[in-house]
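Peer 1: Start counting the sequence shown at 3; every next residue gets the next number (the numbering used here).
From the three backbone atoms N, C-alpha and C, an ideal C-beta is built for every residue, glycine too.
Here the structure is a predicted model, which is why all the values come from computation and not from measurement.
Next up is a structure, given as structure tokens.
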Amino acid sequence: MQTVLGVIIESHKFRNRDIIGGDAALDFVNTVTGRDQSPRDWLDSYPRLLEWAAFVHLLPKRVLRTLAKKAHKEPAAAAIALARAKVLREALFELVTRIISRRAPTKTTLALLRQHWIAGINAHELRFEHGHVVAELRSDATDFDLIAAMIAYRMVEHVLPLPIDRLRICQGPNCSWLFIDRSKGGRRRWCDMAVCGNAAKSRRFYARLRGLTQVSDSTGRSAYHPRDQVTAE
Ligand SMILES: [Zn+2]
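Below you can see the structure in the form of structure tokens.
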């Protein structure tokens, strides 16, 4: 376990409950959990990034196997690609939280997203199949940065066109996961009701008992003081 700028980097075995974003691009941002209190980063190596990509079916198995072999031979280059992917991940968290709180994204963030998005477009080819033109991953796309490129591609093509009020940040304590609210009424507040919903409810209950006041930050998340640690595990 190591710490970088207050973020604990830990090894993590991905489970179904980690995949709640509604799109792989948001699930990638959610590989850091607890950004509001005690952030933990689950990507401790490039092979872990590949594990995550396999878990969310981001890329075909054939491509992931090629990347795994390549990472074994060139660990330094793979580590640099992981660092680049993490820079994109943090930029995307900032981008989405700004959109949620109705603030314009920075030019730097948009420029970075554009750079990876273009790499994502370049990794595709257009083919005509069964009467449709389809975008498919090129068979020779096996760059270490392909995962970041695919994340940016998905973010621009699938997530950002969604109505703003469907992009959400979990209001549970020590979570800050992003997700697409696809509920019928559009009132989903938690990544998972059983985890963050209940944690927030019990916090509200005890806060009321103690007569503490509620405060909200600019993203609309709620918190109570003092901030006792409640983990999402
Ligand atoms: Zn949550």
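(1) From which residue to which residue does the beta strand (DSSP E) around L128 run?
(2) If you scan the region 7 to 47 from start to end, which runs of the beta strand (DSSP E) of 3 or more residues do you find wholly inside it?
(3) Can you list, in chain order, the residues of its chain with a C-beta nearer than 6 Å to that of F16? Leave out the 5 residues immediately preceding and following it.
(4) Measuring straight from C-alpha to C-alpha, what distance separates L69 and T144?
(5) Bridge partners of F181, per DSSP?
(6) Can you list, in chain order, the residues of its chain whose CB lies under 6 Å from that of E76, leaving out five sequence neighbours each side?
(7) Nearest by alpha-carbon distance to A113: which of N32, E131, L97 and H59 is it?
(8) Taking 8 Å as the line, does the beta carbon of W179 fall inside it for any heavy atom of ligand 1?
(9) Use the C-beta contact count for N32: other C-beta atoms within 10 angstroms, 16 or more gives buried, fewer gives exposed.
(10) For R100, I'd like the list of residues in its chain whose CB is within less than 6 Å of its CB, leaving aside the five on either flank, ordered along the chain.
(11) Just the Cα atoms here: how many angstroms apart are W119 and I149?
(12) Locate the beta strand (DSSP E) running through E138, then write down its first and last residues.
(13) Between L28 and E159, what straight-line distance do the alpha-carbon atoms span, to the nearest angstrom?
(14) Between D194 and R19, how many whole angstroms is the CB-CB distance? I'm expecting something under 8 Å.
(15) With distances taken between CB atoms, is the gap from R170 to I182 smaller than 9 Å?
(16) Can you say whether T35 is buried or exposed, counting buried as having 16 or more other CB atoms within 10 angstroms of its CB?
(17) Measuring straight from C-alpha to C-alpha, what distance separates I123 and L139?
(18) Is V58 a contact residue of ligand 1, with contact defined as CB to any heavy atom under 8 Å?
Peer 2: In brief:
(1) H126 to E131
(2) 9 to 11
(3) W54 and F57
(4) 6 Å
(5) R170
(6) none
(7) L97
(8) yes
(9) buried
(10) P107
(11) 11 Å
(12) H134 to L139
(13) 13 Å
(14) 6 Å
(15) yes
(16) buried
(17) 9 Å
(18) no
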